[in-house]
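**Q** Quick note, the sequence shown lines up with residues -18 to -1, 1 to 434 if you use mature numbering (1 follows the signal peptide of the UniProt record, and there is no 0). Built from N, CA and C at the ideal position, the CB exists for glycine as well. Okay, here's the structure, questions in a sec.
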Amino acid sequence: MLWILCLALCSLLTLTRADPGALLQLGMDVLNQVHNAMDESHILEKMAAEAGQKRPGMKPIKGISDLKVKDVLLPVITMSFMPGVGVFQCVSTGMTITGKSFMGGNMEIIVVLNITATNRLLQDEETGLPMFKSEGCEVILVNVKTNLPSNMLPKVVNKFLDSTLHKVLPDLMCPAIDAVLVYVNKKWANLNAPMPVGQMGTVQYVLMSVPTTTASYIQVDFSPVVQQQEGNAIQLADAGGVEFSEDYAEGSSRLLLSAAFLTAELALLQKSFDVKVKDTMIGELPPQTTVTLAGFIPKVAEAYPKPKPLVTQIRINKPPKVTMKIGKSLLHLHGTLEMYVARRRGKPPVSLFVLETHFNLKIQYSVHEDRLQMTTSLDRLLSLSRRSSSIGPFKEKKLTDFITDFLQEAYIPVINDVLQVGFPLPDLLDMNYNLAKLDITENALVLNLKLD
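See below:
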């Protein structure tokens, strides 16, 4: 009985486990923004300005009064990944500490130091966002100079400096690390916020689990939520076990979007892929009239001896599907093509025939600001089959060239206009996607992110 229960539970876990629809690898190039965060926030200067202010619970330091900090050096920050933990950070800087010494005169201490801390990467339980949390902050003195009189006993001076600095520096510098991480964590704030896709719905990048850290990068797995405007979520198909290739520049960052995820996003636009074309003259096509159509189906001329304008209605009746092979991405569309004869004086058009059709569009990807853009061109008309006809049976294969030209000239431009809405990319760490290099891989689109 126990083995049956175990088997059932294992089966349930297998069925409910979802593949990530998007993956993000953050290399050291992106995480070096911590350096920028320290510069942008001017946190060390702020801490220095507050050093002389009395704060609740702060005990006075024996032997020094009127404490002030000045001449804070521009910090040099080095970081390294700690597998399974997060990021180890070392901040090298220097400053001058001034005040009145126990001897009554003005004292000046010039300090060069390193601040080290482990920035553990976690997932905020309330927001579901990634967050860094500082642990084990230490201040290591590299060099100390003072203007205390040289005739003082060295042991007395060293004891005083050691006591003073070990009381001042941790309280002064470790909060700076915490404050910088707060500043960095704010750059994740919009990551899982719903982002609109025109008026059709939203896309939300939701973390599947706590981000993982390796020796080379941090990986964030997303389970994107694609939701229609009416509130219905579009289920992502099995992503097929997508993963990054091992071939990439050390320290660089990458974003992977699975074909399954892009398929779900395009499903938001499915209704907009239904197109009715009433124009008689379209690009370089021959006039869209019964005379032109009769060249392929003679029975049209029998039914309509005089020229009549045509109306063509394309309806996509299955969700669009994206497939990807290395270097090539296709959009598969299944639907119907119905051709009508237009009539005057407000009378409804008369249906000539309805064709079941399947055709592929080749997709070219680009990035504009924070959105993925798609442009399509006709790849192949794969099938035509007659569902119904008011003019009797005919060989639909004879329409292949006519329909192919129609799709290319009349339908594809409408689809490309619809696709201009673009699809939102993850909003994190002030990422600039415009410089990304795009590669189509097996079942996924990979954006190689660049910061310069």
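Between Asp53 and Gly76, what straight-line distance do the alpha-carbon atoms span, to the nearest angstrom?
**A** Taking the first residue of the sequence shown as position 1, residue 53 is located at position 71. Taking the first residue of the sequence shown as position 1, residue 76 is located at position 94. Using only the alpha carbons, I get a separation of about 8 Å.
**Q** Mind checking who residue 457 pairs with in its DSSP beta bridge?
**A** A query on residue 457 cannot be resolved here, the shown segment of the chain reaching from -18 to 434 and no further.
**Q** Pick out whichever of Ser367, Lys344, Leu364, Ser365 has its Cα sitting closest to the Cα of Thr357.
**A** For the purposes of this step, residue 357 is identified with residue 375 of the sequence shown, where counting begins at 1. Out of Ser367, Lys344, Leu364, Ser365, Lys344 has the C-alpha closest to the C-alpha of Thr357.
**Q** Write down the C-beta distance between Arg102 and Glu117 rounded to the nearest angstrom, noting that I regard them as a contact closer than 8 Å.
**A** Position 120 of the sequence shown holds residue 102. Position 135 of the sequence shown holds residue 117. Rounded, the Cβ-Cβ distance is 5 Å, consistent with contact.
**Q** Excluding five sequence neighbours on each side, which residues of the same chain lie with their C-beta closer than 7 Å to the C-beta of Gly265?
**A** Sequence index remark: in the sequence shown, residue 265 carries index 283 (1-based). If we look at Gly265 and ignore the five residues flanking it on each side, its Cβ neighbours are Glu391.
**Q** For Leu(-10), collect the residues of the same chain with a Cβ closer than 6 Å to its Cβ; drop the 5 residues on either side in sequence, then sort them by chain order.
**A** In the sequence shown, residue -10 corresponds to position 9, counting from 1. Residue placement at Leu(-10) cannot be trusted, given a pLDDT of 34 that sits under 50; what the coordinates show is reported in the next sentence. So no residue of the chain qualifies.
**Q** Please classify Pro331: does DSSP put it in a helix, a strand, or coil?
**A** In the sequence shown, counting from the first residue as 1, residue 331 sits at position 349. Coil.
**Q** For a test of the three-state rule: what should DSSP assign to residue 444, helix, strand or coil?
**A** For residue 444 there is no data in the structure shown, the boundaries of the chain being -18 and 434.
**Q** If we ignore side chains and look at the alpha-carbon of each, how far apart do Lys127 and Ala418 end up?
**A** Translated into positions along the sequence shown, residue 127 becomes position 145. Translated into positions along the sequence shown, residue 418 becomes position 436. Spanning the two alpha carbons is a distance of roughly 48 Å.
**Q** Can we say the stretch 61 to 70 touches the stretch 184 to 203, given the rule of at least three CB pairs closer than 8 Å?
**A** At 8 Å Cβ cutoff, the stretches touch.
**Q** Could you give the C-beta distance for Ser367 and Glu378, rounded to a whole number, given that I count them as a contact under 8 Å?
**A** To locate residue 367, count along the sequence shown from 1; it is residue 385. To locate residue 378, count along the sequence shown from 1; it is residue 396. Correct: roughly 6 Å between the Cβ atoms.
**Q** What's the C-alpha gap between Glu351 and Gly87?
**A** As a position in the sequence shown, residue 351 is number 369, starting the count at 1. As a position in the sequence shown, residue 87 is number 105, starting the count at 1. If I take the Cα positions, the gap works out to 59 Å.
**Q** Quick check on Lys329: buried or exposed, where buried means 16 or more other Cβ atoms within 10 Å of its Cβ?
**A** Here the question's residue 329 lines up with position 347 in the sequence shown. Flag for Lys329 reads exposed.
**Q** Flag this pair as yes or no: are the beta carbons of Ser235 and Leu8 separated by less than 8 Å?
**A** Locating residue 235 in the sequence shown gives position 253, counting from the first residue. Locating residue 8 in the sequence shown gives position 26, counting from the first residue. In this structure, Leu8 lies closer than 8 Å to Ser235 by Cβ.
**Q** Run the CB neighbour count on Glu320, radius 10 Å, all protein chains shown included, and call it buried at 16 or more, exposed below.
**A** Counted from its first residue, the sequence shown places residue 320 at position 338. Classification for Glu320: buried.
**Q** So the alpha helix (DSSP H) Asp383 belongs to, where does it begin and stop?
**A** Indexing the sequence shown from 1 puts residue 383 at position 401. Run containing Asp383: 382 to 388, per the alpha helix (DSSP H) assignment.
**Q** Ordered along the chain, which non-local residues of its own chain (more than five positions away) have a Cβ less than 8 Å from that of Lys380?
**A** Residue mapping note: residue 380 aligns to position 398 of the sequence shown, counting from 1. Around Lys380: Phe278, Ile279.
**Q** Keeping to the same chain, check which residues put their C-beta closer than 7 Å to that of Pro289; ignore five residues upstream and five downstream.
**A** Stepping through the sequence shown from its first residue, residue 289 is reached at position 307. Closer than 7 Å at Cβ, skipping near neighbours: Thr271, Thr272, Val273.
**Q** Using DSSP with H/G/I as helix, E/B as strand and the rest coil, what is Pro375?
**A** Along the sequence shown, one-based indexing puts residue 375 at 393. Of the three classes helix, strand and coil, the one that applies to Pro375 here is coil, per DSSP.
**Q** What residue from Leu56, Ala426, Leu6 has the CA that sits closest to Ala242's CA?
**A** Position 260 of the sequence shown, counted from the start, is the residue given in the question as residue 242. Nearest C-alpha to Ala242: Ala426.
**Q** Please report the straight-line C-alpha distance between Leu135 and Pro57, rounded to a whole angstrom.
**A** Here residue 135 corresponds to residue number 153 of the sequence shown, with the count starting at 1. Here residue 57 corresponds to residue number 75 of the sequence shown, with the count starting at 1. Model confidence at Leu135 stands at a pLDDT of 49, short of 50, so the residue's coordinates are unreliable and nothing is read from them.
**Q** Check Lys415 in the structure and name its three-state DSSP category.
**A** The count along the sequence shown starts at 1 and reaches residue 415 at position 433. The question names Lys, but residue 415 is Tyr in the sequence shown. Three-state DSSP puts Tyr415 in coil, outside helix and strand.
**Q** Leaving aside the five residues before and after Thr386 along the sequence, list all residues of the same chain whose C-beta is less than 6 Å from its C-beta, in chain order.
**A** Taking the sequence shown and counting its residues from 1, the one referred to as residue 386 is at position 404. These residues qualify, in order along the chain: Leu363.
**Q** Say whether the stretch 174 to 187 touches the stretch 250 to 259, bearing in mind that this needs 3 or more beta-carbon pairs closer than 8 Å, one atom from each stretch.
**A** The stretch 174 to 187 is in contact with the stretch 250 to 259.
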